[in-house]
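Chains as they are written, first to last, in this note's numbering: chain G, 679 to 1013; chain X, 679 to 1013.
The next block holds one structure in the form of structure tokens; read it before the comments.
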DNA sequence: CTGTTAGCGCGTTCAG
DNA sequence: CTGAACGCGCTAACAG
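Following this line, the structure appears as structure tokens:
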């Protein structure tokens, strides 16, 4: 249905320049005669016009789009970051290209390459590998790139992270304050820099709370999944013969598996068990236990990442920015 | 860093055609001399080459991208559909442009327009309005479009839906079978076609179970949110003075608010309360109550929607396709 | 006030 | 075996 500028010009008997002026609302600024303008406007109202962004992008070397690469689009954390990013994009009429890397370096590289080939104006990556995707090295005109969520030390790029040290420290201190007994930290995806930081902060907080004997009570698994949590807790129960009095989990997925393993054990989930976990969810309210959760600030993460691209604002400062985590107390102490 | 075909041709002293043949792996098919090929290959290995998808799209009138418009990218249901769609896109080297409509018809229209302007090869929409986005009517070359999740009766387009009638029927029957007492259905977003279907199926199932007196026990709210759920349950408690023995919710968000209102009431959440809800979540396991949930099949939804675009496969059948829902029983009966 | 034109980089077609 | 040229639709610079 809709036409190109060229066609409109031919059909109305004016030039492309004139058409572009009335389309761009620059009619009076360039003193296009009213009848000319109306003729063009009438034609457009009747036949429609949609700008061809592809041609525009080719000409301007600017696609009005930004790429996002995350391990899993369905992960609630990444989904929230993405949603916020998309909102920011819409605010300056950009569009978001979302690609999943599934924690696979090869896929991640291909994803970055695909985005660069499409000429994205910026690219936000939650990296799943220590190496820089080679596409970022080879490309002709590399757009601004930002890393987030995981710090593999690409100092050349701005990096936006939750303050895992603060978050894990707060969480550990609070849980230890509630529970004088033993405490175990169940960690999935244990080799990632994020989790390493959390483990370190846990250990430090244990010492700081005068409980250095707890420093070592960390159970680690390479995967981050309910299966992994289930495995770690099952092993723990087998080894020690009884559940801990307090536990920490590195993610909700891990917590899910950990609780499932507890349920299957004869003892079930003791109501006195104090639970701390990364990632918050309103459904944690459903537990009768005291629950503390660390909520990452997805909005701030997205906003800082977006700002670091320098798409609408002139230019932000580079370097690493740490976003504070908030400690949530999900169930008040029983009266 | 990386060059265009033209630049490579100039630098290696051959023609663009030759370069394109070696890039395309058609070197021997066109009997390019080995030394020519190696010269080009060496140059590319050294300087890199990334295809300009924008120029390609302009030429071929095909962008290798598909658009997705949903009310909320962070909503777990939509996020899962999106993740699966993205996977399918990657399978045929397309890329996914995701845009949120925030249940706003104007935003939705703008989103669709933005995607069409970018020349997406297909567009998947979870519509938030009865009207067809006008961009779909005005555009020059409208790509194949598919609607999903909500049926506003755009019969001209393929539509992929969960079988809400079956899902709500199964859920109602199961909950009524567990609980002989009263039962209330708390509905958010009550005017949407999806929820209307669920309400109808609920009423029918009540009659079918010989409990026609429950047909009217539906509480409706225009919003779908914890606030709405809280409001409806609070009103209910105020009016009747006691909680129902069984309840149904149209979404997890509603359930969250409903349970919160119950908690705040003096009685709290009775362990005997039978709960049914749309949308499943593993955390429902955290409740001590019997819980039944309706899980939509996001994978099948995404796959059918994608297939209906006809991007890789030749051409699928149009019309409406209903995806069955699965009833999940979250907590076994207490021994 | 309006018209003309040269690319952006790639794919295709035709001509050697 | 290789080269040249056109056009996709738009922008921007220049020419009246």
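Every residue, glycine too, gets a C-beta built ideally from N, C-alpha and C.
Since the structure is predicted, the reported quantities are computational estimates derived from the model, not experimental observations.
Residue-level contact to chain X via CB, residue i, 8 Å cutoff
i: residue 1029 of chain G; result: The requested residue 1029 of chain G does not occur in the structure, where chain G is confined to residues 679 to 1013.
i: residue 750 of chain G; result: yes
i: residue 760 of chain G; result: yes
i: residue 987 of chain G; result: no
i: residue 1011 of chain G; result: Because residue 1011 of chain G carries a pLDDT of 46, less than 50, the predicted location of this residue cannot be relied on, and the following value inherits that uncertainty. No, residue 1011 of chain G does not count as interfacial toward chain X.
i: residue 822 of chain G; result: no
i: residue 832 of chain G; result: no
i: residue 796 of chain G; result: yes
i: residue 954 of chain G; result: no
i: residue 924 of chain G; result: no
i: residue 906 of chain G; result: no
i: residue 800 of chain G; result: no
i: residue 978 of chain G; result: no
i: residue 700 of chain G; result: no
Reference residue i; option with closest CA among the options
i: residue 922 of chain G; options: G/1008, G/874, G/981 and G/854; result: G/854
i: residue 840 of chain X; options: X/988, X/886 and X/1000; result: X/1000
i: residue 723 of chain X; options: G/903, G/817 and G/940; result: G/817
i: residue 858 of chain G; options: G/832, G/750, G/826 and G/891; result: G/891
i: residue 1003 of chain X; options: X/989, X/901, X/975 and X/725; result: X/975
i: residue 727 of chain G; options: X/770, X/792, X/973 and X/941; result: X/792
i: residue 771 of chain X; options: X/741, X/700, X/802 and X/918; result: X/741
i: residue 800 of chain G; options: G/941, G/739, G/829 and G/754; result: G/739
i: residue 700 of chain G; options: G/732, G/689, G/717 and G/685; result: G/717
Cα-Cα separation between residue i and residue j, rounded to whole angstroms
i: residue 745 of chain G; j: residue 874 of chain X; result: 38 Å
i: residue 775 of chain X; j: residue 768 of chain G; result: 12 Å
i: residue 954 of chain X; j: residue 780 of chain G; result: 33 Å
i: residue 795 of chain G; j: residue 711 of chain X; result: 29 Å
i: residue 760 of chain X; j: residue 749 of chain G; result: 14 Å
i: residue 764 of chain X; j: residue 720 of chain G; result: 40 Å
i: residue 806 of chain X; j: residue 823 of chain X; result: 15 Å
i: residue 1007 of chain X; j: residue 852 of chain X; result: 10 Å
i: residue 1011 of chain G; j: residue 870 of chain X; result: Interpretation of residue 1011 of chain G is limited by its pLDDT of 46, a score under 50 that renders its predicted location unreliable; no figure is taken from the coordinates.
i: residue 804 of chain G; j: residue 813 of chain G; result: 15 Å
i: residue 984 of chain X; j: residue 968 of chain X; result: 36 Å
i: residue 1013 of chain X; j: residue 946 of chain G; result: Its pLDDT being 35, under 50, residue 1013 of chain X is placed unreliably in this model, and the coordinates cannot settle the point.
i: residue 715 of chain G; j: residue 681 of chain G; result: 17 Å
i: residue 836 of chain X; j: residue 927 of chain G; result: 44 Å
i: residue 751 of chain G; j: residue 987 of chain G; result: 21 Å
i: residue 911 of chain X; j: residue 735 of chain G; result: 52 Å
i: residue 938 of chain X; j: residue 913 of chain X; result: 13 Å
i: residue 930 of chain X; j: residue 783 of chain X; result: 24 Å
i: residue 778 of chain X; j: residue 827 of chain G; result: 23 Å
i: residue 743 of chain G; j: residue 979 of chain G; result: 19 Å
i: residue 833 of chain X; j: residue 819 of chain X; result: 20 Å
i: residue 829 of chain X; j: residue 758 of chain G; result: 26 Å
i: residue 755 of chain X; j: residue 861 of chain X; result: 26 Å
i: residue 909 of chain X; j: residue 786 of chain X; result: 28 Å
is_contact[residue i, chain G] using C-beta, thresh 8 Å
i: residue 744 of chain X; result: no
i: residue 982 of chain X; result: no
i: residue 911 of chain X; result: no
i: residue 708 of chain X; result: no
i: residue 652 of chain X; result: The first residue shown for chain X is 679 and the last is 1013, placing residue 652 of chain X beyond what the model contains.
i: residue 895 of chain X; result: no
i: residue 765 of chain X; result: yes
i: residue 754 of chain X; result: yes
i: residue 774 of chain X; result: yes
i: residue 684 of chain X; result: no
i: residue 960 of chain X; result: yes
i: residue 777 of chain X; result: yes
Assumed close pair residue i, residue j - CB separation to whole angstroms, cut-off 8 Å
i: residue 849 of chain G; j: residue 729 of chain G; result: Contact flag wrong, Cβ pair sits at about 50 Å.
* To do: Please determine if the stretch 700-711 of chain X and the stretch 866-880 of chain G are in contact, where contact requires at least 3 C-beta pairs separated by less than 8 Å.
  => A contact between stretches requires three or more CB pairs, one per stretch, nearer than 8 Å, and the stretch 700-711 of chain X fails this requirement with the stretch 866-880 of chain G.
* To do: Could you say if the stretch 841-849 of chain X and the stretch 989-997 of chain X meet the contact criterion of at least three C-beta pairs nearer than 8 Å?
  => Contact between the stretch 841-849 of chain X and the stretch 989-997 of chain X is absent: fewer than three C-beta pairs spanning the two stretches fall below 8 Å.
* Just checking, does the stretch 955-973 of chain X make contact with the stretch 928-938 of chain G on the three C-beta pairs under 8 Å criterion? -> Look at the beta carbons and you see the stretch 955-973 of chain X touching the stretch 928-938 of chain G: at least three pairs across the two are nearer than 8 Å.
* Is there contact between the stretch 940-953 of chain G and the stretch 911-929 of chain G, where contact requires at least three CB pairs shorter than 8 Å? -> A contact exists between the stretch 940-953 of chain G and the stretch 911-929 of chain G.
* Asked: Does the stretch 893-902 of chain X come within contact of the stretch 859-867 of chain X, defined as at least 3 CB pairs closer than 8 Å?
  -> At 8 Å Cβ cutoff, the stretches touch.
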